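Chains as they are written, first to last, in the numbering used here: chain A, 15 to 345; chain B, 5 to 333; chain C, 6 to 329.
From the three backbone atoms N, C-alpha and C, an ideal C-beta is built for every residue, glycine too.
Every value quoted in this text rests on a predicted model; they were computed, and no experiment measured them.
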Amino acid sequence: MKEDHQIWLELYRMMVKIRRFETLTGELFAAGKIPGFIHLSIGQEASSVGVCSTLRPEDYITTTHRGHGHVIAKGGDVKRMFAELMGRSTGYCKGKGGSMHIADFSLGILGANGVVAGGFPIIVGAGLSIKLRGTDQVAVCFFGDGASNRGPFHEALNMASIWKLPILFVCENNQFASTTSFHYSTSVKSVAQRSIAYGIPGRSVDGNDILEVREAALEAVERARKGEGPTLIENRTYRLRGHFEGDPQRYRTKEEVENFLEKDPIKRFQEFLKNEKILNEEMDRQIWQAIDSELTDAIRFAEKSPYPQPMEALRDLYAEDVDPLFQRSLA
Amino acid sequence: MNLRELTNTEAMAEALREEMIRDPSVFIIGEDLVAHGGIFGQFIGLPQAFPGRVIDTPISETAIVGAGLGAALTGMRPFVDLHFADFTTCAMDEIVNQVAKIRYMFGGQAKIPLVIWAPDGAGLSAAAHHSQSLEAWFIHTPGLKVVSPCFPYDVKGLIKASIRSDDPIIFFMHKKIFSSKGPVPAEEYLIPLGKAEIKRKGKDVTLIAYSIMVLHALEAAKELEKEGIDVEVLDLRTLWPMDWESIAESVTKTHRVLIAHEACVTCGFGAEISARIQEELFDELDAPILRVGAYRVPIPFSPPLERFVIPGKESLIKSIYKILGKEMN
Amino acid sequence: MVHSIDPTLHLKMYEQMITIRSFEERAIELFEHNLIRGNIHPCIGQEAVSVGVCSPLRREDYMVNTHRGHGNCIAKGADLKRMMAELLGKSTGYCKGKGGSMHIADFEGGNLGANGIVGAGLPIAVGAGISIQIRGTDQVVACFFGDGAVNQGTFHESLNMAAIWKLPVIFVCENNQYALSTPIREAISVSRISDRALAYGIPGMTIDGNDVIEVYKQMKEAVERARTGKGPTLLDCVTYRFFGHFTGDPGRGITYRSREEMEEWMGRCPIKRFREYLFREKILTEETEKGILAKVKTSIEEAVQFAMESPFPLPEEATQDLFY
Ligand SMILES: Cc1ncc(C[n+]2csc(CCOP(=O)(O)OP(=O)(O)O)c2C)c(N)n1
Ligand SMILES: Cc1ncc(C[n+]2csc(CCOP(=O)(O)OP(=O)(O)O)c2C)c(N)n1
Ligand SMILES: [Mg+2]
Ligand SMILES: [Mg+2]
């Protein structure tokens with residue numbers, strides 16, 4: 015098998031893994047096993063995988079409230095992810111973060127964020143740190159179309175540009191910020207167009223075409239590693255689920271969603287791989303099965319894991335842990 | 005010990021210089037640092053001594069603080085200069101939602117060796133956008149540590165300790181004390197975070213203060229000494245973590261307490277200290293705890309208005325008489 | 006320069022520019038005599054922007070101002086007496102002494118206030134624009150900000166919002182090429198600020214901000230668009246401040262600007278240029294100029310006298326005016 019084919023299959027596998035993770039998460043949420051809120055990235059897998067497949071383990075990413083896919087694509091451990099979603103002590107954040115706040119610093123995942131556009135300033139810091147330390151790492155900031163209208167977008171792109179920081183700003187333009195459509199909230203036709211205002215390259219790509227996403231990311235990563243500065247990439251995509259699980263979705267029609275099912279990035283890549291005779295039915299079945307069995311194990315791990323001790327709520331605030339009892343007496 | 009007289013500005017610059025030599029991951033980032041040496045000249049000489057490690061930014065406070073955070077998460081020890089404490093408001097999401105929460109929210113995975121330094125305080129007719137004392141907001145925010153020293157000795161030792169700390173520090177310095185002088189040892193030393201210090205021993209009343217109010221407190225104590233009133237002045241230096249032990253020890257000795265800060269009294273840090281003293285040491289108290297602070301208005305421009313709004317020595321003296329139940333003569 | 010505005014307006018504009026310059030010079034003197042406390046940010050050298058921008062405005066139009074805002078106040082029609090009194094912290098000042106140089110507002114004259122926070126005015130201008138749109142009037146908003154403000158998040162959020170709602174706001178950048186000590190080329194990732202308009206799909210122009218007629222003409226067009234519901238414009242007026250950043254800036258900014266650069270720009274003094282033009286076009290004569298100068302001098306001196314003679318506010322007034 016050609017090397018390309020190996021990579022393609024790996025991309026496909028990763029997209030399927032995210033799809034299944036998200037689908038199962040939706041089911042667990044519906045069954046009342048996950049507290050709080052869940053934002054699923056179903057339909058946007060090509061963006062997570064296409065970009066993260068170009069990164070090394072030591073590269074950084076910041077992600078968003080819709081971040082499970084990015085974490086998985088950057089190598090996140092699904093056991094610790096499910097455990098975190100369920101608020102267990104074995105979770106990434108020992109149950110303190112939940113779905114919207116998963117981080118794994120050992121994998122360069124500098125965290126998801128509950129604040130829209132919260133990742134921009136942090137990625138500038140990561141980029142600056144890379145530059146000061148003189149390594150050839152890169153840093154990727156994932157953000158939504160909604161985030162592109164917030165001030166941190168502007169400040170971060172300007173700074174990254176004047177200092178030529180090794181950053182990819184990756185917009186996942188899924189057409190909506192919660193209930194608000196991109197065209198209503200944004201004064202230009204495409205987020206990529208805004209790169210002009212910062213004197214950096216901007217590219218708008220079909221975010222449901224994994225190979226196109228990957229190609230754009232490869233180019234930007236190369237630029238960044240060579241010290242040529244940041245790139246703005248817009249992956250045009252669509253979220254097939256509601257903004258959050260339980261979203262009544264009054265802001266769009268069923269037909270619109272159904273139209274986009276045709277452009278499902280996984281289906282498209284699956285067909286492509288089959289046409290190219292890289293994937294056959296049997297292999298495909300095995301891929302889905304293997305992933306399901308890994309995820310089922312992970313869910314079992316999470317469900318069996320204990321909840322944290324209530325007193326744990328008082329720990330981890332500072333590096334030098336303050337005595338929890340003292341904390342409480344001062345609370 | 006080899007003591008020199010330094011200004012607060014000099015003490016701070018010396019601390020930065022030493023830490024930057026000691027640890028190559030320390031760098032300074034903010035507006036107008038290189039050509040201008042900082043708006044108060046606090047960084048003069050550093051850009052030349054450490055090329056590339058004193059970084060001028062555009063006016064983008066959100067990205068400045070966020071950049072400090074991102075760099076802190078990835079192996080650096082940034083020292084962020086925010087020009088004026090008032091501009092923390094332009095980076096409130098970064099400070100409150102990100103810097104303060106990231107370590108805890110992510111289950112203790114990350115260290116945040118970040119110092120956010122800002123001049124605060126009134127008294128220079130700088131008007132409402134350049135005069136605030138906002139420490140209470142940040143003490144109220146779990147995850148931050150807050151420092152506000154008054155003397156060059158403490159400034160130097162606490163800057164060094166703050167830079168070496170793995171937790172985020174909000175470091176306030178009152179604009180009016182920049183050029184005030186004091187003895188500073190030439191030898192290396194640190195002052196641990198979270199430790200108050202008695203700046204004047206006394207037995208009649210404990211005056212808890214920090215920042216510029218310590219200077220007013222010492223002046224008030226000197227005047228009251230003539231009247232036979234013996235005031236103990238406790239300089240908190242670090243506001244959070246609060247040095248409860250030192251507070252309790254002094255209160256147990258004097259049984260009377262006055263708390264002073266320049267920030268407005270309402271929901272100021274004095275409210276917290278006072279509440280805690282009455283919760284834990286009620287039986288020790290011989291008089292109600294009083295607080296001195298600014299009126300609850302923005303700082304006005306015109307000198308007579310500004311003088312009226314912010315507290316000084318006189319308000320301290322008046323309050324101490326009241327606590328002691330004595331008539332002022 | 007094309008002769009497209011009427012001579013009376015020309016003369017009025019000239020008088021205003023002189024007034025601004027004299028006001029600033031006098032304020033600096035008073036500061037040096039310790040009669041003005043705090044600090045002031047003089048706009049000497051930038052008079053053409055203030056006057057060119059405010060001349061096409063009506064009294065009921067709004068203006069949002071910056072820390073370097075005396076000139077814009079004057080051009081928007083503020084009373085010199087109340088301005089000077091505010092600078093001196095007197096009770097007769099626009100803000101009764103509570104605001105000072107950096108916080109002058111004149112709501113009756115449409116001046117929504119100067120700001121000590123760089124970039125803070127832009128969202129306020131958006132709000133005024135929304136209000137105009139909802140009330141259905143044909144007012145407009147002139148929103149001043151410096152080149153330093155262009156990198157604040159508020160710039161981005163405000164221009165996007167003004168653009169999607171087609172608000173009647175003219176975003177005027179007083180691009181004096183420095184934000185305190187930071188040269189624009191080190192702080193901004195594009196060569197022309199007006200290029201940022203492309204990121205919002207609105208018109209943007211970079212113009213000679215020391216040419217009062219040019220500023221006037223571009224502003225007039227932008228105002229026209231705004232009044233007729235065609236939305237916002239970004240005007241990048243390139244200019245230079247002759248003085249330092251503020252009254253405490255050593256050597257008028259010599260620590261970060263070269264002497265040659267400073268001299269070169271002083272050679273492009275907007276008042277000198279306008280004066281030469283007015284003489285060339287025979288709009289201004291020695292005689293009329295003498296009259297104008299005398300008039301300005303009197304009004305400034307009256308303002309100073311008024312301010313000096315006015316009382317300081319009573320200390321207790323500090324607690325008033327917090328709530329309606
Ligand atoms: C600062 C801030 N404002 C509002 C919200 C509420 N909110 C959460 S997600 C969201 C929409 C974000 O849209 P977009 O950036 O396009 O990301 P998407 O959800 O489409 O992935 C909003 C409004 C928030 N979390 N933070
Ligand atoms: C949010 C904020 N950050 C920093 C400052 C300090 N500061 C005051 S004026 C100024 C420079 C502003 O430059 P610019 O916008 O170009 O206006 P100019 O002074 O040139 O007229 C700075 C940094 C401030 N007042 N507000
Ligand atoms: Mg979206
Ligand atoms: Mg400027």
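Straight-line Cα distance separating residue j from residue i
i, j, result
"Pro72/B", "Leu232/A", "The sequence as given places Gly at residue 72/B; Pro does not occur at that position. So the two alpha carbons sit approximately 28 Å from each other."
"Ala89/B", "Phe176/B", "7 Å"
"Gly206/C", "Glu22/B", "50 Å"
"Glu35/B", "Ala67/B", "12 Å"
"Lys205/B", "Val237/B", "7 Å"
"Ile251/B", "Ile327/B", "17 Å"
"Lys171/C", "Pro237/C", "6 Å"
"Met313/C", "Phe328/C", "29 Å"
"Asp234/B", "Gly186/B", "24 Å"
"Arg81/B", "Ile173/B", "11 Å"
"Ala323/C", "Lys103/C", "8 Å"
"Gly122/A", "Ile75/A", "6 Å"
"Ser315/C", "Leu7/B", "50 Å"
"Ala140/A", "Leu146/A", "10 Å"
Burial state of residue i, where buried means 16 or more other Cβ atoms lie within 10 Å
i, result
"Met271/C", "exposed"
"Ser195/A", "exposed"
"His134/B", "buried"
"Gln157/C", "buried"
"Thr187/C", "buried"
"Thr92/B", "buried"
"Met325/A", "exposed"
"Ile25/B", "exposed"
"Cys271/B", "exposed"
"Asn294/A", "exposed"
"Ser62/A", "buried"
"His79/A", "buried"
"Glu98/B", "buried"
"Asp66/C", "buried"
"Ile259/C", "exposed"
"Ile214/A", "buried"
Bounding residues of the beta strand (DSSP E) (the contiguous stretch that carries residue i)
i, result
"Ile263/B", "Val261 to Cys268"
"Asp213/C", "Gly209 to Asp213"
"Glu236/B", "Val235 to Asp239"
"Val184/A", "Ile181 to Asn187"
Range covered by the alpha helix (DSSP H) that runs through residue i
i, result
"Tyr67/C", "Segment Tyr67 to Val69 is the beta strand (DSSP E) holding Tyr67/C; no alpha helix (DSSP H) there."
"Asp143/C", "Note, Asp143/C: premise wrong, no alpha helix (DSSP H); not H, not E."
"Asn1/B", "The structure shown has nothing for residue 1/B, since chain B only spans 5 to 333."
"Pro156/B", "Pro156 to Arg168"
For residue i, the residue or residues it bridges with in DSSP
i, result
"Cys148/C", "Val69/C and Phe176/C"
"Pro187/B", "Glu9/B"
"Lys149/B", "Ile173/B"
"Pro401/B", "For residue 401/B there is no data in the structure shown, the boundaries of chain B being 5 and 333."
"Cys78/C", "None, per the DSSP bridge assignment."
Same chain, Cβ closer than 8 Å to residue i, five either side skipped, listed in chain order
i, result
"Ala83/C", "Tyr99, Ile109, Asp111, Gly114 and Asn116"
"Arg342/A", "With a pLDDT of 48 at Arg342/A, under the threshold of 50, the modelled position of that residue is not reliable, and no figure is offered here."
Contacting residues, own chain, Cβ-Cβ under 6 Å from residue i (five flanking each side not counted)
i, result
"Leu289/C", "Leu283"
"Trp244/B", "Ile143, Lys149 and Val150"
"Arg255/A", "Leu54 and Ile56"
"Leu23/A", "none"
Own chain, CB closer than 7 Å to residue i, minus 5 neighbours either side, in chain order
i, result
"Ala202/C", "Pro208, Gly209 and Leu239"
"Asp213/C", "Glu219 and Val243"
Interface residues of chain E facing residue i [CB-CB closer than 8 Å]
i, result
"Leu185/C", "The structure shown has no chain E; the protein chains it does contain are A, B and C."
Any non-hydrogen atom of ligand 5 within 8 Å of residue i CB
i, result
"Ile189/C", "Only ligand 1, ligand 2, ligand 3 and ligand 4 can be found as ligands here, which leaves ligand 5 out of the picture."
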